[in-house]
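Colleague: Numbering (our numbering), first residue to last: 62 to 106.
After the structure tokens below, expect a handful of questions from me.
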Amino acid sequence: LNLIDVTVANGVVEPVRLREKIRAAGPTNRNDLGKQARPVAARAA
């Protein structure tokens, strides 16, 4: 269990630290970039 510092602003709970704000926003990588975007190479049998 990890506890983080939060504040309540206008009835919305928000993380205090930038790191936690980034994590709360979701993944920072794109699926169309990097190794996962490479087409699968055909293998000779």
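Where is the CB? At the ideal position from N, CA and C, for every residue including glycine.
1) Select from G72, P88, T89, L64 the residue whose C-alpha is nearest the C-alpha of R78.
2) May I ask you to list the residues that DSSP assigns as paired with T68?
3) Going along the chain, which residues of its own chain have a beta-carbon closer than 8 Å to the beta-carbon of K82, five neighbours each way excluded?
4) My assumption, with CB atoms under 8 Å, is that A98 sits in contact with N92. Please give the rounded CB distance.
Modeller: If we stick to the structure as given:
1) Counting from one through the sequence shown, the residue named residue 78 turns up at place 17. The residue with the shortest Cα to Cα distance from R78 is L64.
2) Working through the sequence shown from its first residue, we reach residue 68 at position 7. Note: T68 sits in a beta bridge opposite E75.
3) For the purposes of this step, residue 82 is taken as the residue at position 21 of the sequence shown. These residues qualify, in order along the chain: E75, P76.
4) Taking the first residue of the sequence shown as 1, we reach residue 98 at position 37. Taking the first residue of the sequence shown as 1, we reach residue 92 at position 31. Confirmed, Cβ separation roughly 7 Å.
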